[in-house]
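Engineer:
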DNA sequence: CTAGGGTTAG
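In UniProt numbering, the protein residues as written are 1 to 617.
1) Please determine, among 609, 346, 584, 97, the residue with the shortest C-alpha to C-alpha distance to residue 597.
2) Would you identify the three-state DSSP class for residue 365, choosing helix, strand or coil?
3) Within 10 Å of its beta-carbon, does residue 298 have 16 or more other beta-carbons around it, so buried, or fewer, so exposed?
4) Please tell me whether residue 610 and residue 567 are closer than 8 angstroms, where the distance is taken between their beta carbons.
5) In the DSSP output, which residue or residues are listed as bridge partners for residue 498?
6) Tell me the DSSP secondary structure of residue 576 in three-state form.
7) If you measure between the beta carbons of residue 74 and residue 57, is that distance less than 8 angstroms?
8) The alpha helix (DSSP H) with residue 375 in it runs from where to where?
9) Please work out which residues of its chain come closer than 7 angstroms, Cβ to Cβ, to residue 426, disregarding the five sequence neighbours upstream and downstream, and give them in chain order.
10) Nearest-angstrom Cα distance between residue 569 and residue 549?
11) Just checking my contact of residue 274 with residue 215 at CB under 8 angstroms: how many whole Å lie between their CB atoms?
12) Within the continuous alpha helix (DSSP H) that includes residue 266, where are the two ends?
13) Please go through the same chain and pick out, in chain order, the residues whose beta-carbon is closer than 6 angstroms to the beta-carbon of residue 536, but skip the five residues on each side of it.
14) How close, in whole Å, do the beta carbons of residue 255 and residue 294 come, if the pair is a contact with beta carbons under 8 angstroms?
15) So, with DSSP's three-state summary, where would you put residue 71?
16) If you run the structure through DSSP and keep just helix, strand and coil, what is residue 607?
17) Name the DSSP beta bridge partners of residue 493, please?
18) For residue 631, tell me which candidate among 164, 59, 415, 110 has the shortest Cα-Cα distance.
19) Can you tell me the Cα-Cα spacing of residue 407 and residue 613, whole angstroms?
20) Below 7 angstroms CB to CB, which residues in the same chain sit around residue 115 once its five sequence neighbours on both sides are set aside?
21) Residue 405 by DSSP, collapsed to three states: which one?
22) Taking residue 22 as the reference, which of 33, 53, 434 has the closest Cα?
23) Suppose the cutoff is 8 angstroms on Cβ atoms and the five residues either side in sequence are ignored; what does the same chain contact list for residue 654 look like?
24) So is residue 182 buried or exposed if we call it buried at 16+ other beta carbons inside 10 Å?
25) Can you tell me whether residue 218 is helix, strand or coil according to DSSP?
26) Apart from the five residues just before and just after residue 86, which ones in its own chain have a Cβ nearer than 6 angstroms to its Cβ?
27) Compare the C-alpha of residue 192 against each of 203, 212, 403, 219 and name the closest.
28) With burial defined as no fewer than 16 other Cβ atoms inside 10 Å of the residue's Cβ, what is the status of residue 524: buried or exposed?
29) Between the beta-carbon of residue 318 and the beta-carbon of residue 300, is there less than 8 angstroms?
30) Within the same chain, show all residues whose beta-carbon is closer than 8 angstroms to that of residue 510, passing over the 5 residues directly before and after it, in chain order.
31) Quick one: residues in its chain with C-beta nearer than 6 angstroms to the C-beta of residue 284, no 5 flanking neighbours on either side, listed in chain order?
32) Who are the Cβ neighbours of residue 316 in its own chain at under 6 angstroms, not counting the five residues just before and after it?
33) Just list the alpha helix (DSSP H) runs in the region 323 to 352, keeping only unbroken ones of 4 residues or longer that don't cross its boundaries, in chain order.
34) Give the DSSP-derived three-state secondary structure of residue 410 in the structure shown.
35) So, residue 261 versus residue 467, is the Cβ gap smaller than 8 angstroms?
36) Which same chain residues end up closer than 8 angstroms to residue 482 when comparing Cβ atoms and leaving out the 5 residues on each side of it in sequence?
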């Protein structure tokens, strides 16, 4: 008669916040005799623990003959809860010797502890997590359960979460016959430790691979930013006919976002819909992120609005998408909506909204956001200070930027000086630029971008001596400039262009188009601004170099091969230089094309001779 | 009653 109520106390309890309801349910379980059954007791305890009724659970637990089933369920619930350290206390208080289940859950608790410590960036928490992790492994050995396959795979990923691949390796070597799960865990551990090639060797040697193994290897490439290989492996996975799960698609979308390949990203979106796959929070978030990072911010927001459920990652992803696409006002509005929806912003959310405010020159609003971090219990990271300096500096309030730096409770990190340097460039403040560079170089003496920035400041003020001095400095210190490259996607294929390079098979056509572009731009009164460019390349390449910045090559190629009604989408690894920016604005007008360019920091949407960044970047 | 892969910034 009362069966329906008892079916699943796990889903029932969270809605019963009231203690009287709790006691009623408890009484009900007792009277009906259900609580005498170890599995019902275990389920009841688990739901108590996971719905934050810990003290109640602790009252219930010792009142009957102890079973490992019940205690293990309790430990498991604690391990998955907000405070995994509680699982250790429960493990210590076990009235019976632990079995392999207990140890498995203990190891999970340690992993969760490590993960949360890493997220909080708290040093003492990390040290503590490390100790707990080692002690969990020790307990598994001491109680004779270290050879249980569930415990083994758990231990491997636990050490991986700690960043201790050596221990993962050692533990893996102990396993006589590792099963698919353990090998997959080891593949992931090696990749997380940066040794993707070792991970790939292990993966290639696997006697059988299921979709999780494929997924782990694809994600492994993503961990080290080798997104092209991730996509290539995904193609192999498709040809192998393996089932494609949601997790795989999330990694694939991350790869698309990183490369900026909108066509493949759209294909994934289509794949999800055509298979009728359910749109989970993670998948939806990955889609929002992919569309944002491919410059399709409108579609990103459509996906965002269509999602049934969103968490702080989803919101932050959308806020950040608006910020990087230069939609500062919308970004701030969305952040406010997020607060209104009762979502607690975290450190990343604040980085995103502060960047958005910076883009739109919303200085006071940004300041208010920064000040509100305290209210949410978010400790500012160095990045947040960097954003604030950028916010003031970009708006031309250099004095405010400086006094903000002086009031910092910590030593300014390189990002802070970098922001000040950039502000000095925008507002032509030579002295401040020099000062910021000095500070920056004291921290990062070989920062090539910083040298280039200072040189640009000198160049803007026609100080050629300064330009050559910086150049000499770089030579003397052996600072190597990162070579610039740009990519453009045509029919799903990504074409790469390098600065001054003539490697593309259709270079002859590109050269003709570049000449045509120059001709038509000159008719509009364009003259090349050689100041930055001259510094950017080696002496012998100077001649003709203005046409050879990688983004111009990519743009010329786009003009050749893409139809007029298709926007030209370029991804560049460095910040766009002033001359190219001016050049591309003009091309967008003269050739009547929409051009979207993602540079190192943000998007530039060019149209009709204007850029969405309003010339501040 | 257990296990391996996946989401936000820089």
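Each residue gets a CB set at the ideal place from its N, CA and C atoms; glycine is no exception.
Structural biologist: Here's the rundown:
1) 584
2) helix
3) exposed
4) no
5) 485
6) coil
7) yes
8) That residue, residue 375, is in no alpha helix (DSSP H); it is neither H nor E in DSSP.
9) 394, 616
10) 16 angstroms
11) At roughly 20 angstroms, the Cβ-Cβ gap does not stay under 8 angstroms, so residue 274 and residue 215 are not in contact.
12) 262 to 274
13) Per-residue confidence for residue 536 stands at a pLDDT of 48, beneath the threshold of 50, marking its modelled position as unreliable; the derived number appears in the next sentence. Nothing meets the Cβ criterion.
14) The Cβ separation is near 12 angstroms, so there is no contact.
15) helix
16) strand
17) 490
18) Only positions 1 to 617 of the chain appear in the structure, and residue 631 is not among them; the question remains open.
19) 30 angstroms
20) 161
21) helix
22) 53
23) Examination of residue 654 is not possible in this model, given that the chain is present from 1 through 617 alone.
24) buried
25) helix
26) 78
27) 219
28) exposed
29) yes
30) 504, 553, 556, 557, 560
31) 307
32) 348, 349, 352
33) 328 to 340
34) coil
35) no
36) 448, 449, 573, 574
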